[in-house]
Amino acid sequence: MGALEGRVTVITGAGRGIGREHALLFAAEGASIVVNDLGGSNAGEGADAGPAQQVVDEIIAAGGKAVANTENISSWDGAKGLVQQAIDEFGRLDVLVNNAGILRDAFIPGMEESQWDAVINVHLKGHFAMLHHAAAYWKAQSKAGDQPNAAVINTASGSGVTLPNAGQANYGAAKAGIAALTLIAAEELDRYGVRVNAIAPIARTRLTLATPGMGALMAEPDEGEVDLFSPANISPLVAYLATEKCPITGVVYAVQGGAISRLSGWHDTETIETDGVWQIDDIAGRLPS
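Residue 18 is where the sequence shown starts when you use the working numbering, and the numbers rise one by one after that.
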């Protein structure tokens, strides 16, 4: 039996890149997959049912179980329909992998409202919309006496949590929000049998290759060399976090190349104190910088 035998899983943005590799590995490990992908461009423009269906065809050809979905996960109703499709097709939902994302990079003075809104909607709202509808389902299960053993794996980014990237105010803010959402969701949903974690991955995908300076880092290795930056090298961590026996919740992991690191959020590094009320001059002379 595979590590994910019988686990019903929704994976968003699974038509290409990291999401595609998640879907292929999960299916190979025995999961039934709803492969979601709108099929748009890097910027989230347009739609194409082809990428999601191609992944489904590949899974089925290998003996796995999968169905395609092309809902827009930044739509409240689209997210609800995606969760419901998993339940209708496979009888339940055990795992949600939030992976879908777009880029609309621009420096702050030149960023248009539409560029900000589109990225926040797909990443942050899309993660929350999917999480909300899945969590409502799991809460109802728990209240009915059928305690879930469920897992959510969100997708943050180093751009939002470890290495702010100029030109990605919208993307970095959304990804930082996803990291915070993960920790809060882990606290809230534990009572319903749901674990929530996140990854901040770096791999060779069409989004990373579109980011200035990443092309050289992501260059394909010479023939015969290990391809540590293949998107397939991200998926084993996600698969482990999705297994029934994994005990981990409320953690954000950076995963890149041959390294996996547990990340910690904002924390005290240096503190100043006063016994009275603060004065501007006192702060100016002592404030850590």
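No residue lacks a Cβ here, since even glycine has one placed at the ideal position from N, Cα and C.
Nearest residue (CA-CA) to residue i, options the options
{"i": "residue 59", "options": "95, 41, 122", "result": "122"}
{"i": "residue 54", "options": "44, 41, 45, 37", "result": "37"}
{"i": "residue 277", "options": "217, 248, 242", "result": "217"}
{"i": "residue 307", "options": "73, 98, 127", "result": "Here the chain comprises residues numbered 18 to 306, so residue 307 is not present and cannot be evaluated."}
{"i": "residue 211", "options": "88, 67, 259", "result": "259"}
{"i": "residue 120", "options": "213, 182, 150", "result": "182"}
{"i": "residue 201", "options": "145, 160, 176, 241", "result": "145"}
{"i": "residue 143", "options": "249, 242, 95", "result": "95"}
{"i": "residue 152", "options": "253, 245, 112, 67", "result": "112"}
{"i": "residue 91", "options": "117, 264, 64", "result": "117"}
{"i": "residue 29", "options": "76, 139, 135", "result": "139"}
{"i": "residue 47", "options": "20, 33, 207", "result": "20"}
{"i": "residue 205", "options": "130, 148, 271, 76", "result": "148"}
{"i": "residue 33", "options": "141, 257, 57", "result": "57"}
{"i": "residue 22", "options": "281, 297, 273, 262", "result": "262"}
{"i": "residue 89", "options": "105, 109, 115, 71", "result": "115"}
{"i": "residue 150", "options": "107, 129, 93, 221", "result": "93"}
7 angstroms Cβ cutoff met for residue i and residue j
{"i": "residue 166", "j": "residue 195", "result": "no"}
{"i": "residue 35", "j": "residue 251", "result": "yes"}
{"i": "residue 78", "j": "residue 52", "result": "no"}
{"i": "residue 215", "j": "residue 199", "result": "yes"}
{"i": "residue 184", "j": "residue 124", "result": "yes"}
{"i": "residue 87", "j": "residue 66", "result": "yes"}
{"i": "residue 305", "j": "residue 287", "result": "yes"}
{"i": "residue 266", "j": "residue 213", "result": "yes"}
{"i": "residue 245", "j": "residue 293", "result": "no"}
Local Cβ density within 10 Å of residue i, reported as buried at 16 or more and exposed below that
{"i": "residue 300", "result": "exposed"}
{"i": "residue 80", "result": "exposed"}
{"i": "residue 289", "result": "exposed"}
{"i": "residue 162", "result": "exposed"}
{"i": "residue 284", "result": "exposed"}
{"i": "residue 155", "result": "buried"}
{"i": "residue 279", "result": "exposed"}
{"i": "residue 173", "result": "buried"}
{"i": "residue 248", "result": "buried"}
{"i": "residue 243", "result": "exposed"}
{"i": "residue 303", "result": "exposed"}
{"i": "residue 297", "result": "exposed"}
{"i": "residue 110", "result": "buried"}
Residue i Cβ short of 6 angstroms to the ligand COA heavy atom set
{"i": "residue 219", "result": "By its list of ligands, the structure shown contains no ligand whatsoever, and the ligand COA lies outside what it can speak to."}
Segment limits, alpha helix (DSSP H) that includes residue i
{"i": "residue 253", "result": "252-259"}
{"i": "residue 249", "result": "Careful: residue 249 lies outside any alpha helix (DSSP H) and carries neither H nor E."}
{"i": "residue 199", "result": "186-206"}
{"i": "residue 289", "result": "Note, residue 289: premise wrong, no alpha helix (DSSP H); not H, not E."}
{"i": "residue 180", "result": "Residue 180 -> no alpha helix (DSSP H), and no H or E assigned at all."}
{"i": "residue 97", "result": "93-107"}
{"i": "residue 148", "result": "143-160"}
Residue range of the unbroken beta strand (DSSP E) whose run includes residue i
{"i": "residue 112", "result": "112-114"}
{"i": "residue 217", "result": "211-219"}
{"i": "residue 273", "result": "269-273"}
{"i": "residue 41", "result": "Run containing residue 41: none in the beta strand (DSSP E); it sits in the alpha helix (DSSP H), 34-45."}
{"i": "residue 27", "result": "25-28"}
Whole-number beta carbon distance between residue j and residue i, since they are thought to touch under 8 angstroms
{"i": "residue 178", "j": "residue 192", "result": "7 angstroms"}
{"i": "residue 50", "j": "residue 82", "result": "7 angstroms"}
{"i": "residue 135", "j": "residue 61", "result": "6 angstroms"}
{"i": "residue 41", "j": "residue 253", "result": "That belief does not hold up - the Cβ atoms of residue 41 and residue 253 are roughly 12 angstroms apart, past 8 angstroms."}
{"i": "residue 69", "j": "residue 85", "result": "4 angstroms"}
{"i": "residue 39", "j": "residue 268", "result": "With a Cβ gap of about 18 angstroms, residue 39 and residue 268 do not count as contacting."}
{"i": "residue 100", "j": "residue 27", "result": "7 angstroms"}
{"i": "residue 175", "j": "residue 271", "result": "6 angstroms"}
{"i": "residue 159", "j": "residue 209", "result": "4 angstroms"}
Closer than 7 angstroms to chain D by CB, residue i
{"i": "residue 153", "result": "In the displayed structure, chain D is absent; only one protein chain is listed."}
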